[in-house]
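Visitor: Going by the working numbering, the sequence shown opens with residue 3, and the numbers climb by one from there.
We put the beta carbon where it would ideally sit given N, CA and C, even for glycine.
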Amino acid sequence: MSRLVIVANRVPNPRDRGATAGGLAVALKDALARREAMWFGWSGHTAEATATTPTLATRGRLTYATLDLGREDYRRYYQGFANASLWPTLHYRLGLSQFSREDYAGYRTVNAAFAVALAPLLRPDDMVWAHDFHVIPLGAELRRQGVRHRLGFFLHVPFPPHALFCALPRGEELIADLAAYDVIGVQTEDDATHLRAGLVAAGHAEAAARVAAFPIGIEAESFTRAAEKAAAGAETARFRQSLVGRTLVMGVDRLDYTKGLPHRFAGYAKLLARFKSHHQQVTYLQVAPVSRGDVAQYRSLRRELDEWAGRINGQYADPDWMPLRYMTRAVARNTLAGFMRLARVGLVTPLRDGMNLVAKEYVAAQNPEDPGVLVLSRFAGAAPQLDGALLLNPLDPDEIAEALDAALTMPLEERVARWRSMEGPVREAGAKAWCRDFLSTLEGSPAAIAA
Ligand code: ADQ
Numbered sequence: 003m004s005r006l007v008i009v010a011n012r013v014p015n016p017r018d019r020g021a022t023a024g025g026l027a028v029a030l031k032d033a034l035a036r037r038e039a040m041w042f043g044w045s046g047h048t049a050e051a052t053a054t055t056p057t058l059a060t061r062g063r064l065t066y067a068t069l070d071l072g073r074e075d076y077r078r079y080y081q082g083f084a085n086a087s088l089w090p091t092l093h094y095r096l097g098l099s100q101f102s103r104e105d106y107a108g109y110r111t112v113n114a115a116f117a118v119a120l121a122p123l124l125r126p127d128d129m130v131w132a133h134d135f136h137v138i139p140l141g142a143e144l145r146r147q148g149v150r151h152r153l154g155f156f157l158h159v160p161f162p163p164h165a166l167f168c169a170l171p172r173g174e175e176l177i178a179d180l181a182a183y184d185v186i187g188v189q190t191e192d193d194a195t196h197l198r199a200g201l202v203a204a205g206h207a208e209a210a211a212r213v214a215a216f217p218i219g220i221e222a223e224s225f226t227r228a229a230e231k232a233a234a235g236a237e238t239a240r241f242r243q244s245l246v247g248r249t250l251v252m253g254v255d256r257l258d259y260t261k262g263l264p265h266r267f268a269g270y271a272k273l274l275a276r277f278k279s280h281h282q283q284v285t286y287l288q289v290a291p292v293s294r295g296d297v298a299q300y301r302s303l304r305r306e307l308d309e310w311a312g313r314i315n316g317q318y319a320d321p322d323w324m325p326l327r328y329m330t331r332a333v334a335r336n337t338l339a340g341f342m343r344l345a346r347v348g349l350v351t352p353l354r355d356g357m358n359l360v361a362k363e364y365v366a367a368q369n370p371e372d373p374g375v376l377v378l379s380r381f382a383g384a385a386p387q388l389d390g391a392l393l394l395n396p397l398d399p400d401e402i403a404e405a406l407d408a409a410l411t412m413p414l415e416e417r418v419a420r421w422r423s424m425e426g427p428v429r430e431a432g433a434k435a436w437c438r439d440f441l442s443t444l445e446g447s448p449a450a451i452a453a
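(1) At a cut-off of 7 Å, is M252 close to the ligand ADQ when judged by its beta-carbon and the heavy atoms of the ligand?
(2) How would you label W436, buried or exposed, when you count the other beta carbons within 10 angstroms and need 16 or more for buried?
(3) Which residue or residues does DSSP assign as beta-bridge partners of H133?
(4) Are there any heavy atoms of the ligand ADQ lying less than 7 Å away from the beta-carbon of I218, as far as the coordinates show?
(5) With a threshold of 7 Å, establish whether the CB of G173 neighbours any heavy atom of the ligand GDP.
(6) Quick check: what's the CA-CA separation for A39 versus R145?
(7) Quick check on D372: buried or exposed, where buried means 16 or more other Cβ atoms within 10 Å of its Cβ?
(8) The alpha helix (DSSP H) with D398 in it runs from where to where?
(9) Any chance you could list the beta strand (DSSP E) runs of at least 3 consecutive residues sitting entirely within the segment 78-134, in chain order?
(10) Using CA coordinates, which residue listed in P427, P352, M412 is at the minimum distance from D389?
(11) What is the DSSP secondary structure of Q317, reduced to helix, strand or coil?
(12) Any heavy atom of the ligand ADQ within a distance shorter than 7 Å of the CB on D255?
(13) Counting Cβ pairs, one atom from each stretch, are 3 or more of them under 8 Å apart for the segment 50-69 and the segment 117-128?
(14) Could you check the C-alpha separation between L98 and E404 for me, to the nearest Å?
(15) Taking the alpha carbon of G108 as the reference point, which residue from G72, R95, L92, Q100 has its own alpha carbon closest?
(16) Does G356 pass the burial test, meaning 16 or more other C-beta atoms within 10 Å, or should it be called exposed?
(17) In whole angstroms, give me the CA-to-CA distance for Q243 and Y286.
(18) Smallest Cα separation from A209: which of I186, Y76, F216?
(19) Taking only runs of the alpha helix (DSSP H) that begin and end inside the segment 251-289, which ones reach a length of at least 4 residues, in chain order?
(20) Could you spell out where the beta strand (DSSP E) holding I186 opens and where it closes?
(21) By a C-beta neighbour count over all protein chains shown, 10 Å radius and 16 as the cutoff for buried, is P325 buried or exposed?
(22) For G340 versus T238, is the C-beta spacing smaller than 8 Å?
(23) Is the beta carbon of L170 closer than 8 Å to that of T91?
(24) Would you mind working out which of H151, A271, R429, V347 sits nearest A319, comparing C-alpha positions?
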């Protein structure tokens, strides 16, 4: 079996295992267990200048190859073009997207530095799988280094319609770079349709056939086991006790403007305003650890949510009832799994999301005898697979309030029927299947497209 080289902006720390491993490491676990592999990417450290040779570390059949990035390169590549230009554009938020030629140049510089450092490490039989919007030009840069290997790319976030994407300056150049990959994976059929049209418009019709949807999944069985175990543990018992019999609504997100948190809080406020029967009866726990706290838009989002939380509790709380519990500290994955099993409603309302794994985790965490209800945004990539959820438009707070009321009053029989229709897809289209589908497509692709 050929060696697998995974390229991602962040490479997991070789010392992190299990619960502390990042999302991508969990998703790739099966693929990495089955063969010799290498992780390649940023070390997580900055230095005066970007390193030219990677630092290598080996753990069994896995090699870690990482580069320190120069402070200025890091700022322009990561905080600048990746997070402030590409992230909003790919999530359909042109109004939030900033562009500067210096940031774009930094993004290209880092991708070229990655390619120059990676090319000499490749063995003849290696397959390269690059992940996400940070490394779109990597394939083209590797080809420039003379690399003829099979190169795959997977985009974890949405790909918008062409008219929207090409409003980003240099957008067409990036689409043309994608044509250097042998397989270009996206989350949904909609994303695939948009990207194919983009490739055709950018004059790369030949690459359109290499685009395919590979919806990412979770390791459902292990998540279910974690939820069962945590739900029987002391931490969940203490949390359950604190609810004093009230019904739990739960949200779990990174604190990001794509996740629709202000709209979600507005929807919850509408529930309390319009459906008074839920007063004293419901508790909403929102866990949203701060991410990208060094980007201005994320700081202002945090202020907005602080205000919402204060307003909701200020207006509706009783001395013995706090309707909203909101925390920006991270909570351990296993603890969250136990809390999800306790929650009658999983509230997942991103304004746009590549997939959204929390929705799938919520389904996997449920007790089959007494499952909760998933309330899910139509604009999450997971929506087409999870049609047993109450699907809604997350931009309308009244729709959120109505879906919450329907979920909180739903009879057991309907909850079971809806959950059963989702449980199968979540289990079958899991992380393992995702890896295998992508890698077998890459293995089967005609080798060396760029002669
Ligand atoms: P994210 O935007 O990070 O990922 P998501 O898929 O929901 O979004 O979450 C990834 C993981 O992080 C999940 O396993 C979740 O449990 C965990 N997580 C989220 N919030 C957490 C919290 N408050 N505390 C602890 N853990 C938390 C990007 C894309 C998604 C896509 C994934 C995978 O934006 O659309 O589903 O990649 O491709």
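Guide: Put simply:
(1) Counted from its first residue, the sequence shown places residue 252 at position 250. No, since every heavy atom of the ligand ADQ falls outside the 7 Å radius drawn around the Cβ of M252.
(2) Counting from 1 along the sequence shown, the entry for residue 436 is found at position 434. Result: buried.
(3) The count along the sequence shown starts at 1 and reaches residue 133 at position 131. Answer is A10, F156, bridged to H133.
(4) For the purposes of this step, residue 218 is taken as the residue at position 216 of the sequence shown. Yes.
(5) With respect to small molecules bound, the structure shown includes the ligand ADQ and not the ligand GDP.
(6) By one-based count along the sequence shown, residue 39 stands at place 37. By one-based count along the sequence shown, residue 145 stands at place 143. Going by the C-alpha atoms only, they are around 21 Å apart.
(7) Working through the sequence shown from its first residue, we reach residue 372 at position 370. Result: exposed.
(8) Working through the sequence shown from its first residue, we reach residue 398 at position 396. Unbroken run through D398: none, as it is neither H nor E.
(9) 129-133
(10) Locating residue 389 in the sequence shown gives position 387, counting from the first residue. Here the closest residue by C-alpha is P427.
(11) Position 315 of the sequence shown, counting from 1, holds the residue named residue 317. It is helical.
(12) Your numbering for residue 255 matches position 253 in the sequence shown. For the ligand ADQ, at least one heavy atom lies less than 7 Å from the Cβ of D255.
(13) yes
(14) Reading the sequence shown from its first residue, position 96 is the one you call residue 98. Reading the sequence shown from its first residue, position 402 is the one you call residue 404. Roughly 29 Å separates the two Cα atoms.
(15) If you number the sequence shown from 1, residue 108 lands on position 106. The shortest C-alpha separation from G108 is found at G72.
(16) The residue labelled residue 356 in the question sits at position 354 within the sequence shown. It counts as buried.
(17) Within the sequence shown, the letter at position 241 stands for residue 243. Within the sequence shown, the letter at position 284 stands for residue 286. Q243 and Y286: Cα-Cα distance of roughly 15 Å.
(18) One-based indexing of the sequence shown puts residue 209 at position 207. Closest by alpha carbon: I186.
(19) 263-276
(20) Position 184 of the sequence shown, counted from the first residue, corresponds to residue 186. 185-188 is the span of the beta strand (DSSP E), which, as asked, contains I186.
(21) Start at 1 with the first residue of the sequence shown, and residue 325 comes out as number 323. Its Cβ being crowded by 16 or more others within 10 Å, P325 is buried.
(22) Start at 1 with the first residue of the sequence shown, and residue 340 comes out as number 338. Start at 1 with the first residue of the sequence shown, and residue 238 comes out as number 236. Contact flag set, yes.
(23) Locating residue 91 in the sequence shown gives position 89, where the first residue counts as 1. Locating residue 170 in the sequence shown gives position 168, where the first residue counts as 1. Yes, Cβ-Cβ distance for T91 and L170 is below 8 Å.
(24) Counting from 1 along the sequence shown, the entry for residue 319 is found at position 317. Comparing Cα-Cα distances from A319 to each of H151, A271, R429, V347, the minimum goes to A271.
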